[in-house]
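One structure is given here, and the rest of the page talks about it.
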Amino acid sequence: MDLTQTDHLKAYGITFHALEDGLKADWLLNYRGGSFMIDQSDKIVSECLLNEVLFEQINLSQASQIYAEVQSEDNNMDVVRLEKAPRIAVYVPPGFQPWDDAVTLALEYANVKYDKIWNDEILRGDLEKYDWIHLHHEDFTGQYGKFYASFSNAQWYIDQQIMYENDAKKNGFNKVSDMMKAVSLTIKNFVGQGGFLFAMCSATDSYDISLAAENVDICAPVFDGDAADPDAQSKLDFSKTFAFQNFKIDMNPYIYEYSDIDIQPAEIGLEQNDYFTLFDFSAKYDPVPTMLTQDHANVIKGFMGQTTMFRKNLIKNSVIVMAERQGTDQVKYIHGNFGRGTFTFYGGHDPEDYQHAVGDPPTDLSLHKNSPGYRLILNNILFPAATKKKQKT
Amino acid sequence: MIKKILPIILFAFALFAQQSPMDQNQFMLAESYEQRGDFVKAVEIIETLNKKDPANIQYFNKLNSLYLQLKKYDESAALINSRINITPQDISLYGLLGSTYYTAGDRTKAYQVWDDTAEKFKTNPMTLRIISNYAIEKRDFEKAIEYLNRGKEISKDPFLYSYDLGELYQITMRYREAASEYCDLIKANPSQYQQIESKILSYSNKPNALDETIEVVDKHKSDDISFSYLLARLYIEKKNYDEAFDLFKEIDKKQNTRGADLFSFGEFVYRDGEYKTASEVFKFLIDNYSDQQNIPLAKLGYAKTQEALFIQKYNATNPEWKSFFIPAKVDENEIEPVISAYQEIIKVYQHSEVAIEANLRIGILLAHYRNDIIEGEKYFSIITETYPMSKFASLAFIELGNIKMQQAKLDEAEKLFQSVVKLQRANPEDKSYANYQLARIFSFRNDFESARKNLISVMGNLKDNIANDAIELSILLNTAKNDSSNLSLYCSAEFLTEQKRFSEAKDLYLQLSQNPQAFVFHSIAKLRVAEMLIATDAFSAAIADLSLIVEEAEKNIYADKALYLQGQIYQYGLKDSLKAVESYESLLAKFPKSLFLDEARQNIIELKKKLS
């Protein structure tokens, strides 16, 4: 899927449907920007035509030539067999939200089936029904997104707080922050047992902060009714986090920031200079990061979010950096393992809306069919379908 | 004023006068420590100051807030209790004590303190309100509701509590109870109706809120007219316009507003596109209040809603999917009331722009929908002859020009389109269209040079809708420049098509398509033959012809359109959804750059939905 592809995003949906129908697909890593090879069927052809996805019908000998090229030691390419469509869950609150979730938009656009789950489902153990969970803009620290200074009087904020409080009460927690800790831990167990976690925007750092603050109150009284622990910073346990360590949390409710993990707009500078670069991995030796970075462009337009990028020196050594702003300490896209599962964090809110503000309309992906930023999201939904190969390194 | 300010100043003076400068400095030092986050040091200082002057409210408040910051709940409780010993009648201290227990996570103790306080100070009407405020502060809305309800029960003025209760019920999504409280408020003071209405509308979009509120308000309908107004507004919100209409009729009767509310309602519903109800409302007004000031406007509204309803219904039967067609037969019973409504306007608003527009609308209804061009012509002529300076004149000229073309009266048509070009008030789009039609008239007369000249002015503005058609015609005229006899034949066929003489036109197109000399016209002529067959409902023959065009593939530039038309025949003509999908899918596969792809995709999706 190089630059000739007419709709990169829907191509992922078609591959996903093929897997759902019991077909096998081969992901040809780095072959023409990362392509999919699937046994021909009228349904797939019709779906490609209907969705304006460019496809090429090839014969057996052409297929053999492609496999030979991809598997040749001279090329940084490889084949990954996709076996089974992953069961996808997206963590999203019920009802109206004044922002949109890029992953939900991508899944809807690519017509990929997913379930919306929320605290009740997670706390009652429903995660075991899924292979993959996505977290987007939600706040796992119990500070309601730290929107207090700007939006505490907005109806959506008031409604959201009530909804969280009701959830907490219903699930036997005195405080929302306590419930969120339990939710974070349940998700952590899900990953530990082999689940795939994909988080974007503020779900990345707020999730890790919540894990670090498992045994300490970091919420100001406006969030949970009692004071935060004045020594909270020193009581954070970084051994419990997935990706970040040694960060400094910001407990001031009037500051729209969780910690120093996030890169500030002033550090990013001008929008026209904001690009991040995908790292090139060895397809044969590092298939996982290679899969996650399949794209038709390796320099991609940046985009902001409540959490835009991650400060490099606060990322744990065990974590793989997959994209960063070259020449800076600003990291966009990371991946790591925990237990038998994996996590991937992608900074920013919407790859095709530079500054997606609260209340902005959703991005129309039919206008961004070839978005390299969105494509990175969709790599993550097919990655769990891959057959595990024996590690070469 | 001086009397009010003086005690305040004296009180403040007394408060600070009690503090020595040293204590004051100590207090400020503690505040600095607090700001720096060193709560322990701040506590040490304030504790000393508090010991020295236990009656000082400033020290008390600061110390309590510091204890809470440090999560020293026992100390906070002890401090409050010591303060209670000094001022046992201060209800807020009990509220604060409960609040400390609540923050410490001991809700049982918190409730006990609050409940005991409510009992102890039950004669004070403010007690339950103060206590409920502490519960609200701790976001324990259920408990706050409990206290407010208790207060409402024992209070001599229960409506004092209804507003707060309404708010809390709304927050906790108990919309039925919220509505009940708000209804109590309206009942107590109907003048508050508008305020309450906006309060209810601020949350009526929440799930179930509207239905539950309607249910409650409906029960109060007979209590006061305000409830009827509120209910009608809620029905509008729910888009239940019929119920709202009935209610407005009732209000109109009770209040004797002579249709004023109904008229506003009718206009609102019309703007919302709910033509059926709007039409009924305007009809009701016309029938019942013929002497009222806004009746002429109601008549115009009625005519427009009637027309909108008629067109909605007509479009469903008109074969607009065909490239050329004879309009569907119109039901006289449906078009007649619309025409009558406009005629009524012409009578009432004589010589006004509204009446001129009504003439235009009647002309269009007759010519386009009743296919009665002779009658339609009369109405257009009224505008062109009597009101040539009207903003509707250019449209009337265009309509007349089209009628004359259809009647094969090219000289008259030319004059009419020339009038549009010369008309100062005509907009550029109308002028472009007139120029395009003039070019066609010249081509029908075989005056190809004049036709080309006219097209140049149209093609100058590519933003114009007609520019594409002009380019297409211009290409044909230029390509066939050296084959004037076949060009003439083609234009004759087009002229017959314009007159809706499809069979005759088909013969000429067929002649062209089979003439080896007329190779320039082969592609378009073959397509036109099929289009003429479609126009006369000869679908099987059309499909056969279209298949031949499709087979020509890149040799015929209309091959993709032919396949698309095949799909359309199956979809709308033969109602064979499967075959239609097949044709559209084949279009997607064979012509990936076709202009018809988006429409084909859309049709596939709709048909597949229907099939599943």
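Keeping their order, the protein sequence lines are chains A and B.
Under my numbering, the first residue of the first sequence is numbered 1, with each subsequent residue one higher.
Under my numbering, the first residue of the second sequence is numbered 394, with each subsequent residue one higher.
We treat Cβ as the ideally placed atom computed from N, Cα and C, and that holds for glycine.
Please read these numbers as outputs of a predicted model, since none were measured by experiment.
| query | result |
| --- | --- |
| If you follow the alpha helix (DSSP H) that residue 670 (chain B) is in, where does it begin and where does it stop? | 668–681 |
| Below 9 Å on C-beta distance, what does residue 162 (chain A) contact in chain B? | 532, 534, 564, 565 and 566 |
| Please name the residues in the stretch 759–783 of chain B whose beta-carbon is closer than 7 Å to at least one beta-carbon of chain A, in chain order. | none |
| Buried or exposed for residue 10 (chain A), going by 16 or more other Cβ atoms inside 10 Å? | buried |
| Against residue 425 (chain A), what residues of chain B qualify as contacts under a CB-to-CB distance less than 9 Å, listed in chain order? | As shown, chain A starts at 1 and ends at 393. That puts residue 425 (chain A) outside it, with no answer to give. |
| With a CB to CB cut of under 8 Å and the five nearest residues on each side skipped, what residues in its chain are close to residue 90 (chain A)? | 101, 103, 104, 107, 114, 115, 116, 117, 133, 134 and 136 |
| Are the C-beta of residue 594 (chain B) and some C-beta of chain A separated by less than 7 Å? | no |
| Go to residue 156 (chain A), then tell me how far its alpha helix (DSSP H) extends in each direction, as first and last residue. | 155–170 |
| Could you work out which residues of chain B lie near residue 20 (chain A), taking near to mean beta carbons separated by less than 7 Å? | Within chain B, no residue comes near residue 20 (chain A); the closest Cβ sits about 17 Å away, beyond 7 Å. |
| Can you tell me which of A:334, A:52 and A:326 puts its alpha carbon nearest to the alpha carbon of residue 293 (chain A)? | A:334 |
| If we cut at 7 Å on Cβ distances, does residue 351 (chain A) have a partner in chain B? | no |
| Have a look at the DSSP bridge pairing and note the partners of residue 88 (chain A). | A:132 |
| I'd like the span of the beta strand (DSSP E) that includes residue 344 (chain A), first residue to last. | 341–346 |
| Assess, as a yes-or-no matter, whether the stretch 769–778 of chain B is touched by the stretch 705–720 of chain B under the definition of 3 or more beta carbon pairs within less than 8 Å. | no |
| Name the one or two DSSP bridge partners that residue 336 (chain A) has. | A:343 |
| Would you verify that the beta carbon of residue 994 (chain B) is, or is not, closer than 7 Å to some beta carbon of chain A? | yes |
| Less than 8 Å between the CB atoms is what I'm expecting for residue 832 (chain B) and residue 866 (chain B), so what's the real figure, rounded? | 7 Å |
| Could you tell me which residues DSSP puts in a beta bridge with residue 35 (chain A)? | A:28 |
| Which residues, in chain order, does the stretch 217–234 of chain A contribute to contact with chain B at a C-beta distance below 7 Å? | 225, 226, 227 and 230 |
| Run through DSSP, which three-state label would residue 352 (chain A) get? | coil |
| Is DSSP giving residue 1041 (chain B) helix, strand or coil here? | Residue numbering for chain B in the displayed model covers 394 to 1005; residue 1041 (chain B) lies beyond these limits and cannot be assessed. |
| Between residue 723 (chain B) and residue 763 (chain B), is the Cβ-Cβ spacing less than 7 Å? | yes |
| Residue 135 (chain A) CB to nearest chain B CB: under 7 Å? | no |
| Output yes if chain B places a C-beta closer than 7 Å to the C-beta of residue 3 (chain A); else output no. | no |
| According to the Cβ coordinates, are residue 147 (chain A) and residue 207 (chain A) closer than 7 Å? | no |
| For the stretch 460–484 of chain B, which residues have a beta carbon sitting closer than 8 Å to at least one beta carbon of chain A? | 461, 462, 463 and 464 |
| Can you pull the DSSP bridge partners for residue 198 (chain A)? | A:134 and A:344 |
| Taking Cβ positions, are residue 914 (chain B) and residue 953 (chain B) nearer each other than 7 Å? | no |
| Buried or exposed: residue 744 (chain B), going by 16 or more other Cβ atoms within 10 Å of its Cβ? | exposed |
| Per DSSP, what are the beta-bridge partners of residue 899 (chain B) in this structure? | In DSSP, residue 899 (chain B) forms no bridge with anything. |
| For residue 165 (chain A) and residue 199 (chain A), what's the separation of their Cα atoms in angstroms? | 24 Å |
| Leaving out five residues on either side along the sequence, give the residues of the same chain with a beta carbon under 6 Å from the beta carbon of residue 712 (chain B). | 718 |
| What does DSSP give as the partner residues of residue 623 (chain B) in its beta bridges? | According to DSSP, residue 623 (chain B) bridges with nothing at all. |
| Counting only C-beta atoms, is residue 982 (chain B) closer than 7 Å to chain A at any point? | yes |
| Quick test of the definition: if touching needs 3 or more C-beta pairs under 8 Å, does the stretch 357–372 of chain A touch the stretch 257–277 of chain A? | no |
| State the Cα-Cα distance for the pair residue 408 (chain B) and residue 204 (chain A), rounded to the nearest angstrom. | For residue 408 (chain B), the predicted structure reports a pLDDT of 49, less than 50, and the residue's modelled location is therefore unreliable. A value from the coordinates is still provided. Taking the straight line joining both Cα atoms gives about 51 Å. |
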